Amino acid sequence: MNEFYQALARRLAALTEGCGVMTSNLANSAALLYGELDRINWAGFYLLRGEVLLLGPFCGRPACLEIPLGKGVCGTAARERRTVVVSDVHEFPGHIACDSRSRSEIVLPLMREGRLLGVLDIDSPEAGRFSGEDAAGLREICRILEDLPGWESYQIL
6 MNEFYQALAR RLAALTEGCG VMTSNLANSA ALLYGELDRI NWAGFYLLRG
56 EVLLLGPFCG RPACLEIPLG KGVCGTAARE RRTVVVSDVH EFPGHIACDS
106 RSRSEIVLPL MREGRLLGVL DIDSPEAGRF SGEDAAGLRE ICRILEDLPG
156 WESYQIL
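In terms of this note's numbering, the sequence shown has 85 at position 80, counting the first letter as 1, and numbering is strictly consecutive.
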């Protein structure tokens, strides 16, 4: 993991330390990512409820309220429980266009004890914006969030 993401992970850990309220932690996490990542236009979370991802805390333009598992980039990452990096969303079959400015996207599943919690979703207006380095760094961000107390307040499958 590069120096930028190491520093970002340290900031996130300090920002969430001692807070057991997931809504607050996710809101601050979205704000931190939105403020620190360059060349992005949306950063936030979709949280699992049954077979649907519901919009959670985010920064950016208004977004889709619900995404069925398996649909779009977020639903695919959630169903397959893997990071999905899309260089050009216009070439992704079934892409859900919440913000027409978005060109590339990275989505990482949030997991705890083998159970899906939701996804971290980040969009960019620039094609090819996200790299393997971003995936590794953001995976560490997800690990910090996955280990936080307070998830039990969400209905998790």
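C-beta: ideal position from N, C-alpha, C; glycine also.
Please read all numbers here as calculations on a predicted model, not as lab measurements.
Assign residue i to one of two classes, buried (16 or more other C-beta atoms within 10 Å of its C-beta) or exposed (fewer than that).
i       : result
Leu-70  : exposed
Ser-129 : buried
Ala-82  : buried
Gly-2   : Residue 2 lies beyond the residue range present for the chain, which begins at 6 and ends at 162; the question has no answer from this structure.
Val-26  : exposed
Arg-15  : exposed
Going by Cα to Cα distance, which pick from the options is closest to residue i?
i       : options                            : result
Gly-65  : Ala-14, Glu-157, Ala-141, Ser-105  : Ser-105
Asp-43  : Val-26, Leu-13, Gly-75             : Leu-13
Leu-58  : Arg-148, Gly-137, Glu-157, Leu-122 : Leu-122
Ile-45  : Ser-107, Glu-157, Glu-138, Leu-150 : Ser-107
Cys-103 : Pro-73, Ala-18, Ala-68             : Ala-68
Gln-11  : Gly-23, Glu-41, Thr-28             : Glu-41
With C-beta atoms as the reference, is residue i less than 9 Å away from residue j?
i       : j       : result
Glu-96  : Phe-135 : no
Leu-115 : Ala-140 : no
Phe-50  : Asp-126 : yes
Asn-30  : Gly-155 : yes
Arg-84  : Leu-74  : yes
Asp-93  : Gly-133 : yes
Thr-21  : Pro-62  : no
With a cut-off of 8 Å on the beta carbons, I'd call residue i and residue j a contact; round off their distance for me.
i      : j       : result
Leu-60 : Ala-48  : That belief does not hold up - the Cβ atoms of Leu-60 and Ala-48 are roughly 13 Å apart, past 8 Å.
Ala-18 : Ile-149 : 6 Å
In chain order, what residues of the same chain have a beta carbon less than 7 Å from the beta carbon of residue i, not counting five sequence neighbours either side?
i       : result
Val-2   : Missing from the structure shown is residue 2; the chain here goes from 6 to 162 and no further.
Met-6   : Ala-141, Gly-142, Glu-145
Ile-161 : Only weak support is given to the placement of Ile-161: the predicted model assigns it a pLDDT of 47, under 50, and the value that follows is read from those uncertain coordinates. Excluding positions up to five away in sequence, the list reads Leu-53, Arg-120, Leu-122.
Gly-99  : Lys-76, Gly-77
Arg-117 : Glu-151, Trp-156
Take residue i and list the residues in its own chain whose beta-carbon comes closer than 8 Å to its own, dropping the five residues that flank it on each side.
i       : result
Glu-8   : none
Val-124 : Phe-50, Tyr-51, Leu-58, Cys-79, Ala-82, Ala-83, Val-112, Leu-113, Pro-114, Leu-115
Got a sec? Which residues, its chain only, sit under 6 Å from residue i by beta carbon, not counting five neighbours each side?
i      : result
Ala-36 : Cys-64
Cys-24 : Asn-30
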